[in-house]
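Peer 1:
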DNA sequence: GTGTTTTCGAACACCGTGTATTATAATGAC
DNA sequence: GTCATTATAATACACGGTGTTCGAAAACAC
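Chains as they are written, first to last, in the numbering used here: chain A, 1 to 191; chain B, 1001 to 1191.
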């Protein structure tokens, strides 16, 4: 029994899981704003009042699900790595794409047109702070703003890759995507 | 009296304008899902029933506002250009950034964390189909998928530039942004 | 001015919301 | 297995926004 589960009753895990599954299913066919708590709990075959024991409303639920995802992601990036390769983006990107593949269903939904802009922004922050520490020093000269725009260009580019990948149901392997990404951000004139 | 206004009663224009202004104001301080029709029409000092004469609900309104924006944008890109410079992205990007600057308030809201993923996707489509016709043929060899990912990387990169720009209240001139963008997509290894 | 169109004010039923209460069932510790 | 604890179910409730309707008043185009 690990750190995550020991605090939770088995019923709580079950309830959260079923609710999340139901929400994922609903999000695949309609927008968040069209989803009611009643509808969700009906689909989950669950008492409506139980929902409110965990979430304030549908949006709160979606946010909490995202919180969980980014907590896990942070945990992955906080793991000690072999040797001292903290400057290498390759292995980090590998971890990233593996994680996204594992959570592709939710990622696909959240990055779709019906998705959530906040999710994209949080992904952007993670990419920027944890995955893509690049030195743009090789460029001859650039202002602070210039640097920032280049960085943004690159980070959003990677976010776009991820969106495209999951929307196609992840046909490429995470390793391939990590390699492609690495290539694009290096040969992409921003390195 | 031009094509756009002749169909509309002055009152209709006024009503639409006031409602749009009120929505823009509300969107700056709260999320879409927290906005009610009652609240909107109260702020607009307008009968609630009048709202329903034009929109089904808040989301419908937001969508129709976006429709208008992209219609205008399409119109701009359909304008005949001097000479035969259809292969040049520079002037097109200039038009694009000028348009975004003019509509920066709404763009800022729609690209913020409280924003609308559908708007980003539509922007993506416009960029891809109208603004960034690039030949990636100079690359030695690439599969169809590879090409697509590179393209996505670039287009999302530009979308990121736009988001970053409007979120800072457009400190740079549209011309500067067009130039920067042009530089990034050309020297950006994708050319 | 006249006919038309829009907005307003008011009323209405409807339904999801959020909360509370009690009873029942599942769980974990022993 | 027993027991105390905790989660879920069942039900009821008031509340408020929704979406629609109607006639009256106002604004409009000509």
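Quick reminder that beta carbons are idealized off the backbone N, C-alpha and C, glycines included.
Quick one: which chain A residues come within Cβ less than 9 Å of residue 1109(B)?
Peer 2: Numbered from 1 along the second chain, position 109 holds the residue referred to as residue 1109(B). Ordered by position in chain A, no residue passes the 9 Å Cβ test against residue 1109(B), which lies about 10 Å from the chain.
Peer 1: Below 7 Å CB to CB, which residues in the same chain sit around residue 1003(B) once its five sequence neighbours on both sides are set aside?
Peer 2: Translated into positions along the second chain, residue 1003(B) becomes position 3. Because residue 1003(B) carries a pLDDT of 43, less than 50, the predicted location of this residue cannot be relied on, and no value is offered for it.
Peer 1: Residue 1163(B): buried (16+ other C-beta within 10 angstroms of its C-beta) or exposed?
Peer 2: Position 163 of the second chain, counted from the first residue, corresponds to residue 1163(B). Residue 1163(B) should be labelled buried.
Peer 1: Once DSSP output is grouped into helix, strand and coil, what is the label at residue 1029(B)?
Peer 2: Here residue 1029(B) refers to the residue found at position 29 of the second chain. Coil.
Peer 1: Is the shortest distance between the beta-carbon of residue 1153(B) and the beta-carbons of chain A less than 8 Å?
Peer 2: The residue you call residue 1153(B) lines up with position 153 of the second chain. Yes - at least one Cβ of chain A is within 8 Å of the one on residue 1153(B).
Peer 1: Determine whether the Cβ of residue 1055(B) lies closer than 8 Å to any Cβ atom of chain A.
Peer 2: Along the second chain, one-based indexing puts residue 1055(B) at 55. With 8 Å as the cut-off, residue 1055(B) does not count as an interface residue toward chain A.
Peer 1: Considering residue 65(A), what are the terminal residues of the alpha helix (DSSP H) in which it resides?
Peer 2: Locating residue 65(A) in the first chain gives position 65, counting from the first residue. Its alpha helix (DSSP H) spans residues 58-78.
Peer 1: Any Cβ of chain A within less than 8 Å of the Cβ of residue 1117(B)?
Peer 2: The residue labelled residue 1117(B) in the question sits at position 117 within the second chain. Yes, residue 1117(B) counts as interfacial toward chain A.
Peer 1: Nearest chain B C-beta to residue 14(A) closer than 8 Å, yes or no?
Peer 2: As a working mapping, residue 14(A) is identified with position 14 in the first chain. No, no contact with chain B.
Peer 1: Please check if any C-beta of chain B sits within less than 8 Å of the C-beta of residue 143(A).
Peer 2: Indexing the first chain from 1 puts residue 143(A) at position 143. Not an interface residue.
Peer 1: Please report how far the alpha carbon of residue 137(A) lies from the alpha carbon of residue 1056(B), in whole angstroms.
Peer 2: Translated into the one-based positions of the first chain, residue 137(A) becomes position 137. Translated into the one-based positions of the second chain, residue 1056(B) becomes position 56. Confidence at residue 137(A) is low in this model, with a pLDDT of 49, below 50, so the placement of that residue is unreliable and no value is reported for it.
Peer 1: With distances taken from CA atoms, which of 1016(B), 1015(B), 1011(B) and 1028(B) is nearest residue 1111(B)?
Peer 2: As a working note, residue 1111(B) is residue 111 in the second chain. Comparing Cα-Cα distances from residue 1111(B) to each of 1016(B), 1015(B), 1011(B) and 1028(B), the minimum goes to 1028(B).
Peer 1: Just mark residue 12(A) as buried or exposed, buried being the case when its beta carbon has 16 or more other beta carbons within 10 Å.
Peer 2: Stepping through the first chain from its first residue, residue 12(A) is reached at position 12. With fewer than 16 Cβ atoms within 10 Å of its Cβ, residue 12(A) is classed as exposed.
Peer 1: Would residue 1235(B) pass as a contact of residue 1185(B) if the rule is Cβ separation under 8 Å?
Peer 2: Residue numbering for chain B in the displayed model covers 1001 to 1191; residue 1235(B) lies beyond these limits and cannot be assessed.
Peer 1: Do the segment 114-129 of chain A and the segment 65-81 of chain A touch if we need at least three Cβ pairs shorter than 8 Å?
Peer 2: Yes, they touch.
Peer 1: Identify whether residue 16(A) lies in helix, strand or coil by the three-state DSSP scheme.
Peer 2: Your numbering for residue 16(A) matches position 16 in the first chain. Three-state DSSP puts residue 16(A) in a helix.
Peer 1: Should residue 1132(B) be flagged as near chain A, meaning a C-beta pair shorter than 8 Å?
Peer 2: Numbered from 1 along the second chain, position 132 holds the residue referred to as residue 1132(B). Taking Cβ atoms only, chain A never reaches closer than 8 Å to residue 1132(B), which makes this a no.
Peer 1: Please report the straight-line C-alpha distance between residue 1107(B) and residue 108(A), rounded to a whole angstrom.
Peer 2: Counted from its first residue, the second chain places residue 1107(B) at position 107. Counted from its first residue, the first chain places residue 108(A) at position 108. Rounded to whole angstroms, residue 1107(B) to residue 108(A) spans 24 Å at the Cα level.
Peer 1: In chain order, what residues of the segment 43-75 of chain A put their CB closer than 7 Å to some CB of chain B?
Peer 2: Result list: 59.
Peer 1: Using the C-alpha atoms, what's the distance from residue 1105(B) back to residue 1024(B)?
Peer 2: To locate residue 1024(B), count along the second chain from 1; it is residue 24. To locate residue 1105(B), count along the second chain from 1; it is residue 105. Roughly 8 Å separates the two Cα atoms.
Peer 1: I'd like the span of the alpha helix (DSSP H) that includes residue 107(A), first residue to last.
Peer 2: As a position in the first chain, residue 107(A) is number 107, starting the count at 1. Looking at the DSSP string, the run of the alpha helix (DSSP H) that includes residue 107(A) is 104-110.
Peer 1: Does residue 1137(B) come within less than 8 Å of chain A when only Cβ atoms are used?
Peer 2: Counting from 1 along the second chain, the entry for residue 1137(B) is found at position 137. Unreliable placement is indicated for residue 1137(B), whose pLDDT of 49 sits below 50; no coordinate value is reported for it.
Peer 1: Could you tell me which chain B residues have their CB closer than 7 Å to the CB of residue 169(A), listed as they occur along the chain?
Peer 2: Mapped onto the first chain, residue 169(A) falls at position 169. What residue 169(A) touches in chain B: nothing, since even the nearest Cβ is about 13 Å away.
Peer 1: Less than 8 Å between the beta carbons of residue 66(A) and residue 122(A), yes or no?
Peer 2: What you label residue 66(A) is simply residue 66 of the first chain in a count that begins at 1. What you label residue 122(A) is simply residue 122 of the first chain in a count that begins at 1. Yes, these two residues count as a Cβ contact at 8 Å.
Peer 1: Since residue 1041(B) and residue 1015(B) should fall inside the 8 Å C-beta cutoff, what is the C-beta to C-beta distance between them, to a whole number of angstroms?
Peer 2: Position 41 of the second chain, counting from 1, holds the residue named residue 1041(B). Position 15 of the second chain, counting from 1, holds the residue named residue 1015(B). With a Cβ gap of about 10 Å, residue 1041(B) and residue 1015(B) do not count as contacting.
Peer 1: What are the boundary residues of the alpha helix (DSSP H) that residue 1122(B) is part of?
Peer 2: Numbered from 1 along the second chain, position 122 holds the residue referred to as residue 1122(B). Where residue 1122(B) is concerned, the enclosing alpha helix (DSSP H) stretches over 1117-1126.
Peer 1: Below 8 Å on the Cβ atoms is my guess for residue 182(A) versus residue 36(A); work out the distance and round it to an integer in Å.
Peer 2: As a position in the first chain, residue 182(A) is number 182, starting the count at 1. As a position in the first chain, residue 36(A) is number 36, starting the count at 1. Not really, about 44 Å apart at Cβ, beyond 8 Å.
Peer 1: Less than 8 Å between the CB atoms is what I'm expecting for residue 1059(B) and residue 33(A), so what's the real figure, rounded?
Peer 2: Along the second chain, read from residue 1 onward, the residue named residue 1059(B) stands at position 59. Along the first chain, read from residue 1 onward, the residue named residue 33(A) stands at position 33. Confirmed, Cβ separation roughly 6 Å.
Peer 1: Step through the CB atoms of chain A and report whether any lies within less than 8 Å of the CB of residue 1174(B).
Peer 2: In the second chain, counting from the first residue as 1, residue 1174(B) sits at position 174. Chain A contact via Cβ: absent.
Peer 1: By Cβ distance below 8 Å, which residues in the same chain neighbour residue 131(A) in space, the five residues on each side in sequence not counted?
Peer 2: On the first chain, position 131 is the one that residue 131(A) refers to. These residues qualify, in order along the chain: 77, 89, 92, 93, 96 and 158.
Peer 1: DSSP on residue 1168(B), reduced to helix/strand/coil?
Peer 2: Numbered from its first residue, the second chain carries residue 1168(B) at position 168. Of the three classes helix, strand and coil, the one that applies to residue 1168(B) here is coil, per DSSP.
Peer 1: Once the 5 residues before and after residue 1070(B) are set aside, which same chain residues still bring their CB inside 8 Å of it?
Peer 2: Position 70 of the second chain holds residue 1070(B). Here the set comprises 1122 and 1126.
Peer 1: Measuring CA to CA, which of 98(A), 22(A), 144(A) and 44(A) is closest to residue 172(A)?
Peer 2: Residue mapping note: residue 172(A) aligns to position 172 of the first chain, counting from 1. Considering only alpha carbons, the answer is 98(A).
Peer 1: Name the residues in the segment 10-40 of chain A whose C-beta lies less than 8 Å from a C-beta of chain B; which are they?
Peer 2: Residues 31, 32 and 33.
Peer 1: Please go through the same chain and pick out, in chain order, the residues whose beta-carbon is closer than 7 Å to the beta-carbon of residue 1178(B), but skip the five residues on each side of it.
Peer 2: In the second chain, residue 1178(B) corresponds to position 178, counting from 1. The residues are 1090, 1093, 1094 and 1097.
Peer 1: How would you label residue 1180(B), buried or exposed, when you count the other beta carbons within 10 angstroms and need 16 or more for buried?
Peer 2: In the second chain, the residue the question calls residue 1180(B) occupies position 180. Per the 10 Å Cβ criterion, buried.
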